[in-house]
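A.B. asks:
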Amino acid sequence: MELAGPQLAAIAQGLMPLLDWRGLPVDLASLAALAAGLGWASGLRLYALVFVLGALARFAGVQLPGGLGVLAHPLVLGISGVLVVVEFFADKLPWLDSLWDAVHTFIRIPAGAALAAAVMGEQGGALQIAMGLVGGTLAAGTHFAKAGARVAINTSPEPASNVVTSFGEDVLFAGGMWMLVHQPLIFLGALAVFVVLAVVLIVVLWRFVRRIFRRRPAPVG
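According to my numbering, the sequence shown is numbered sequentially starting from 5.
#1: Please state if the CB of residue 43 and the CB of residue 176 are separated by a distance shorter than 7 Å.
#2: Assuming residue 152 and residue 206 are in contact, meaning their beta carbons sit under 8 Å apart, how far apart are those beta carbons, in whole angstroms?
#3: For residue 128 versus residue 70, is the C-beta distance shorter than 7 Å?
#4: Residues in the same chain with beta-carbon distance under 8 Å from residue 80, minus the five sequence neighbours each way, listed in chain order, please.
#5: Please confirm whether residue 46 and residue 122 have their CB atoms less than 7 Å apart.
#6: Exposed or buried, which one is residue 101 when buried takes at least 16 other CB atoms within 10 Å?
#7: Which one of 90, 31 and 36 has the shortest CA to CA distance from residue 195?
#8: State the Cα-Cα distance for the pair residue 52 and residue 172, rounded to the nearest angstrom.
#9: Which ranges would you report for the alpha helix (DSSP H) in the stretch 58-100 if only whole runs of at least 4 residues count?
#10: Here's the rule: buried if 16 or more other CB atoms are within 10 angstroms of the residue's CB, otherwise exposed. What is residue 211?
#11: Here's the rule I'm using: 16 or more other beta-carbon atoms within 10 Å means buried, otherwise exposed. How should residue 186 be labelled?
#12: The alpha helix (DSSP H) with residue 165 in it runs from where to where?
#13: Between the C-alpha atoms of residue 92 and residue 148, what's the straight-line distance to the nearest angstrom?
#14: Residues in the same chain with beta-carbon distance under 7 Å from residue 167, minus the five sequence neighbours each way, listed in chain order, please.
#15: Under 8 Å Cβ to Cβ from residue 27, same chain only, skipping five residues before and after it: list those, please.
#16: Considering only C-alpha positions, which residue in the set 61, 109, 132 and 203 is nearest to residue 50?
#17: Residue 31: which of 214, 204 and 188 sits nearest, CA to CA?
#18: Helix, strand or coil for residue 132? Go by DSSP, reduced to three states.
#19: For residue 183, which residues of its own chain have a beta-carbon under 8 Å away from its beta-carbon, when the five flanking residues on both sides are left out?
Structure, rendered in structure tokens:
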């Protein structure tokens, strides 16, 4: 669309934005940020995420967007609450946490995609698919970075580092959720940094694992 002379003059004077976002849903950007945040959090603490969202909707009067309202159902709240307790202790025990992560490769990633897509439940199928892909990708990256780091940490004979790391992940999840709700733009910036660091970590861990399996046994005698 060509701009008329008065429009160009208005842009030059700072009276009219170069890009007009008025045709888009007002909350589309915030919904996209929320979808990305849920994908990230699913790869870290899926059950805590589901429980927190459901509790906010049921007890704090928070109106969840799209299809997320089902998380406030008592059955979903009850099951997710029990699983939060189970995961809290399983994640603190060396090697059991790695087994737990291995099983949840098939749970966290599709759940992250489903939750991100549900955010766009009222915005059309195209946005649901797009956010589902974003959410699943972020959940996968977070999950593999977390699981790989825990495997590397578990090579240490002392259990303290595993417990400290697990509590650190709890703090990271809580801080990320707070930032997502109160400072979504800052959260998106931090998420971008996290994605870069996660990719670097996954590459380093992959090389570490390859070196372990490539080690040849020392010759006898």
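Yeah, the Cβ is synthetic: ideal placement off N, Cα and C, and Gly gets one too.
C.D. replies: Taking the geometry as given:
#1: As a first step, residue 176 is located in the sequence shown; it is residue number 172 there, counting from the start. As a first step, residue 43 is located in the sequence shown; it is residue number 39 there, counting from the start. Against a cut-off of 7 Å, the Cβ pair of residue 43 and residue 176 comes out as no contact.
#2: Counting from 1 along the sequence shown, the entry for residue 152 is found at position 148. Counting from 1 along the sequence shown, the entry for residue 206 is found at position 202. The Cβ separation is near 6 Å, so the contact holds.
#3: Translated into positions along the sequence shown, residue 128 becomes position 124. Translated into positions along the sequence shown, residue 70 becomes position 66. Against a cut-off of 7 Å, the Cβ pair of residue 70 and residue 128 comes out as no contact.
#4: Here residue 80 is taken as the residue at index 76 of the sequence shown, counted from 1. Here the set comprises 54, 58 and 74.
#5: To locate residue 46, count along the sequence shown from 1; it is residue 42. To locate residue 122, count along the sequence shown from 1; it is residue 118. Going by C-beta atoms, residue 46 is not nearer than 7 Å to residue 122.
#6: In the sequence shown, residue 101 corresponds to position 97, counting from 1. Per the 10 Å Cβ criterion, buried.
#7: In the sequence shown, the residue the question calls residue 195 occupies position 191. The candidate whose alpha carbon is nearest that of residue 195 is 36.
#8: Translated into the one-based positions of the sequence shown, residue 52 becomes position 48. Translated into the one-based positions of the sequence shown, residue 172 becomes position 168. Going from the Cα of residue 52 to the Cα of residue 172 covers about 15 Å.
#9: 78-94
#10: Counted from its first residue, the sequence shown places residue 211 at position 207. Residue 211 comes out exposed.
#11: Taking the first residue of the sequence shown as position 1, residue 186 is located at position 182. Counting Cβ neighbours within 10 Å, residue 186 comes out exposed, since fewer than 16 surround it.
#12: For the purposes of this step, residue 165 is taken as residue 161 along the sequence shown, with counting starting at 1. Per DSSP, residue 165 belongs to the alpha helix (DSSP H) from 164-186.
#13: If you number the sequence shown from 1, residue 92 lands on position 88. If you number the sequence shown from 1, residue 148 lands on position 144. Roughly 18 Å between the two C-alpha positions.
#14: Working through the sequence shown from its first residue, we reach residue 167 at position 163. Excluding sequence neighbours, residue 167 sits near 96.
#15: Taking the first residue of the sequence shown as 1, we reach residue 27 at position 23. Residue placement at residue 27 is flagged as unreliable, the pLDDT there being 45, under the threshold of 50; the coordinate-derived value follows with that caveat. The answer is none, since no qualifying residue turns up.
#16: Taking the first residue of the sequence shown as position 1, residue 50 is located at position 46. Looking at the Cα atoms, 109 is the closest of the given residues.
#17: For this step, residue 31 is matched to residue 27 along the sequence shown. Nearest C-alpha to residue 31: 188.
#18: Sequence index remark: in the sequence shown, residue 132 carries index 128 (1-based). Residue 132: helix per DSSP, three-state reduction.
#19: Walking along the sequence shown from the start, residue 183 turns up at place 179. 190, 191 and 194.
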